[in-house]
Structure formats: C-alpha cells, structure tokens
Amino acid sequence: MKIVVIGGTGLIGRHLCKNLQDLGHETLPASPSTGVNALTGEGLQTALQGADVVVDVANSPSFEDAAVLKFFETSGRNLLAAEKTAGIKHHVALSVVGTERMLDSGYFRAKMAQEKLIKDSGIPYTILRATQFFEFIGAISHSGVQEGDTVRLTSAELQPIAAVDVAMALTKVAVRAPSNQTLEVAGPERWPLVEFVRLFLQHTNDPRQAQADDTVPYFGAPINDHSLTPGEHPIVGPTRFESWLKSCV
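Each residue of the sequence shown is one higher than the one before, starting from 7 at the first, in this note's numbering.
So this is what it looks like as structure tokens:
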C-alpha cells in the first residue's frame, strides 16, 4: 500500500515510517519540512495522490488553548477534505487516553474536536489513543511546584508508554482494515505519576526530590487515578520504564 504519515518526521512518525517501510509499504513522511502542511493545505493533494491510508500523528506546535484548537480543527478539516478527494480508504489518527475526561484542558478539548471531525467525516477510520510517552516524563518533572530541591507532583496514576511501542501499535493498525472504533495503547506498568518522575530524576542524577502532593494539578488540570489511564483490555506495549531509562536516557 501507499501510506502517508502526517507528522512523519516527528518522534512517533519517524519510527512509524521505518516500520512501514520495513514491511514493504510505500511510505511518505509528510510534514512542513517535506513540503506538506496540513494547517495551510500546502502539498496535501499531491502527497495523497494514489494513497490508500493516511496516518495522522501531527501535533500542535503550541499548547495555548486557542492555538491548539485552531491547529487540530484547521488541519483536520484540510486533511479530511483532501482525503475525500483522493479516495483514501482508511484514516488513522493518534489521540490521547482520557481525552473525554480531561476537558478542563484546552489541549484535550482540541483533541476531542479532532476526533469528532474524524468520526463525522464519513471516511473509514481507526483512532488509537495512547497514554503519556516515557519521553515526556522529563517535561512532567518541571511541571510541578518547584521549591528548592523539591518538586511536588500528584500521586495520581499513570500508565505511560515508550514512543517506539506507540509506533508499533500504529503500524499494526495502519495495515489492517479500518475498525471505525477508538482503541487504546498503554505501557506495562501503572504507578503514581510521582514515582515515574522520582525514577527519572535518580537516573539522570537530577538533585531534585519528587514529593507527592495531590493538590498539584497536571499541566493546570486536576487528575485522579482514572483520568489518564486506559480502560479494560488496552493494547499493552512491552517496554518497561526502567529498561527504557537504561537504553534511552
């Protein structure tokens, strides 16, 4: 098949493109750096010519409420319109576990808007919602309340996943028939958020100490053990957090 990966030069897109190429598919990494911009529509029609599947893993460059909503709504409309013209048989999108439970967050409201556009488009689809990436734990460590060498963070549970495992799950979804459903993928370990940060700080020789404080929000939004964790029977990636730390950080 010919598979176009929107956001194909990013963290997930790079791994996904390689996986698909290794399977023998004609794979086009589409991003502004390769002349394809879903936000402006530049290069979309040409990129999608002759394609069977589109996988959208693009992310907004800004997480500010208005900017992120504009990104996902505008790029989503442009992309889906181009797909209808091109006769795309399967639209695959990467979203976030807990989207419908996190609507206090502008980012999650924008992802919900993106998902609705996909479902209303009439194009056969599969949405894969992923939990937080291991690669983002470092940023999370700076999101808490900093007091000297202490960072206070919520003890609400996470079940994060390695980016390579997200890409592998997307690979399998992309080469199958569309399900017209929303699936979930998560890592193998479910711990308090503060514990993932504590291990990360220790491994990177960061002098800060992570301390549990459930009054601290998650990037401005309150969360609990169910906010960002999957439901029953998610796809489970194989990479454990400590293995990832040893090999990648």
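Think of the CB as a built atom: it goes at the ideal place given N, C-alpha and C, for glycine as much as any other residue.
Proximal residues to residue i (C-beta, below 7 Å), its chain only, five neighbours per side dropped
i, result
"Pro240", "Glu190, Val191, Ala192"
"Phe142", "none"
"Phe202", "Ile143, Leu164, Pro166, Phe247"
"His209", "Leu251, Val255"
"Thr80", "Leu45"
Delimiting residues of the alpha helix (DSSP H) encompassing residue i
i, result
"Thr52", "50-54"
"Asp71", "71-92"
"Asp58", "Neither: Asp58 is in no alpha helix (DSSP H) and is coded neither H nor E."
"Ile229", "Careful: Ile229 lies outside any alpha helix (DSSP H) and carries neither H nor E."
"Leu17", "17-28"
"Gly144", "143-147"
"Thr177", "169-180"
Start-to-end residues for the beta strand (DSSP E) that takes in residue i
i, result
"Leu134", "131-136"
"Leu100", "96-102"
"Asp110", "Per DSSP, Asp110 belongs to no beta strand (DSSP E) and is neither H nor E."
Residue environment, residue i, which counts as buried when at least 16 other CB atoms sit within 10 Å
i, result
"Pro35", "buried"
"Pro166", "buried"
"His232", "exposed"
"His97", "buried"
"Leu29", "exposed"
"Gly56", "exposed"
"Gly226", "exposed"
"Arg204", "buried"
"Ser37", "buried"
"Ala72", "exposed"
"Asp155", "exposed"
"Gln27", "exposed"
"Ala183", "exposed"
DSSP beta-bridge partners of residue i
i, result
"Trp197", "Leu164"
"Glu248", "BP columns for Glu248 are empty, so no partner."
"Thr188", "Ile133"
"Ala216", "Val157"
"Pro35", "Val11"
"Val242", "Ala192"
"Gln152", "Val157"
"Phe139", "Ile167"
"Asn43", "Glu48"
Close beta carbons around residue i, own chain, < 6 Å, minus the five adjacent residues each side
i, result
"Ala88", "Leu50, Gln51, Leu54"
"Leu85", "Ala44"
"Asp212", "none"
"Ala99", "Asp62, Ile124, Ile133"
Closer than 8 Å to chain C by CB, residue i
i, result
"Glu195", "Absent from the structure is chain C; it holds one protein chain and no more."
Neighbourhood of residue i by C-beta distance below 8 Å, restricted to the same chain and skipping five residues each side
i, result
"Thr105", "Phe114, Lys117, Met118, Glu121, Arg135"
"Ala218", "Arg158, Leu159, Thr160, Ser161, Pro198, Val200"
* Cβ contact check for the segment 148-155 and the segment 171-187: 3 or more pairs under 8 Å -> In short, these stretches do not touch, since the Cβ pair count stays below three.
* Do the segment 122-134 and the segment 155-163 touch if we need at least three Cβ pairs shorter than 8 Å? -> Touching, no.
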